[in-house]
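Asks: Attaching a single structure in structure tokens format; questions to follow.
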Amino acid sequence: MVALNSKSKVAVFISGRGSNLKALIKNSKLKRSKYKVSLVLSNKSNAKGLDFAKKNKIKNYFIEKKLSTFENRALKLIRIHKIQIICLAGFMRILSSNFIKKVSIPILNIHPSLLPKLKGLNTHERAIKAKYKFSGCTVHYVNEKLDSGKTIIQKKVKILKSDNPITLAKKILKLEHKAYAEALEKIV
Ligand code: GRF
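Okay, here's the thing in structure tokens:
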């Protein structure tokens, strides 16, 4: 996928805090990194992640919340910026199957559980309630079914008796930051 001497161009879609975006940008600055974050799109105007993009002089856009508007503009920007991979990082919308088909480049997502366990929201609460011994995160390809595409990387962590959803989320978020960059380097 990577042409000689050129880095794969990645777009990151966000909706909020953007700590995974930040980790992806940080990793991309390493000499050995094979990708570059060239575009950041947010469906929320106040997403903190947009600040990281600005600080790093990465093209960034807030696109209004209606999904069809977001997808149409995203398709155009992806073509204009010659994006080769999309990474969803805390992007809280479900992309339409039409967009997934049309965009025709790989789309990755990071999910805070050991998929196929705990698809959907509130994974940490549910992991503790279900008395799982382990949880973690999964980087996977996005397909038309929620949190169901092929896994690229998983990282797991033990759930301690003393854990609550907040402590577990913190531990897993640290793993996410490593896992996302690793997964991206693996596939480019
Ligand atoms: C992460 O826990 C990610 O797994 C989930 O949403 C959260 C986003 O965090 N999909 P951030 O915006 O990257 O800090």
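Numbering-wise (numbering that gives the first Met the number 0), the sequence shown opens with residue 0 and increments by one.
Yeah, the Cβ is synthetic: ideal placement off N, Cα and C, and Gly gets one too.
Since the structure is predicted, the reported quantities are computational estimates derived from the model, not experimental observations.
What are the complete beta strand (DSSP E) segments, minimum 3 residues, inside the segment 50–135?
Replies: List check, beta strand (DSSP E) in window: 58–61, 84–87, 106–110.
Asks: For PHE133, count the other beta carbons within 10 Å of its own beta carbon; 16 or more makes it buried, fewer makes it exposed. Which is it?
Replies: Position 134 of the sequence shown, counting from 1, holds the residue named residue 133. Answer is exposed; the Cβ neighbour count stays below 16.
Asks: Quick one: give me the first and last residue of the beta strand (DSSP E) that LYS157 is part of.
Replies: Numbered from its first residue, the sequence shown carries residue 157 at position 158. It spans 150–157 - the beta strand (DSSP E) in which LYS157 sits, taken as one unbroken run.
Asks: For LEU29, name the three-state secondary structure that DSSP assigns.
Replies: Start at 1 with the first residue of the sequence shown, and residue 29 comes out as number 30. DSSP places LEU29 in coil when its eight states are reduced to three.
Asks: Assess, as a yes-or-no matter, whether the segment 28–43 is touched by the segment 111–119 under the definition of 3 or more beta carbon pairs within less than 8 Å.
Replies: These segments do not touch.
Asks: Whole angstroms are fine: how far does the CA of ILE158 sit from the CA of ARG125?
Replies: Here residue 125 refers to the residue found at position 126 of the sequence shown. Here residue 158 refers to the residue found at position 159 of the sequence shown. Each residue's alpha carbon lies about 12 Å from the other.
Asks: Apart from the five residues on each side of it in sequence, which residues of its chain come closer than 6 Å, Cβ to Cβ, to PHE61?
Replies: Looking up residue 61 in the sequence shown gives position 62. Counting only Cβ-Cβ distances below 6 Å, and skipping sequence neighbours, we find SER41, SER44.
Asks: Is the beta carbon of TYR179 less than 9 Å from the beta carbon of LEU120?
Replies: Mapped onto the sequence shown, residue 179 falls at position 180. Mapped onto the sequence shown, residue 120 falls at position 121. Going by C-beta atoms, TYR179 is not nearer than 9 Å to LEU120.
Asks: Quick check: is any heavy atom of the ligand GRF less than 8 Å from the C-beta of ARG92?
Replies: Against the sequence shown, residue 92 aligns to sequence position 93. Not so, every heavy atom of the ligand GRF lies at least 8 Å from the Cβ.
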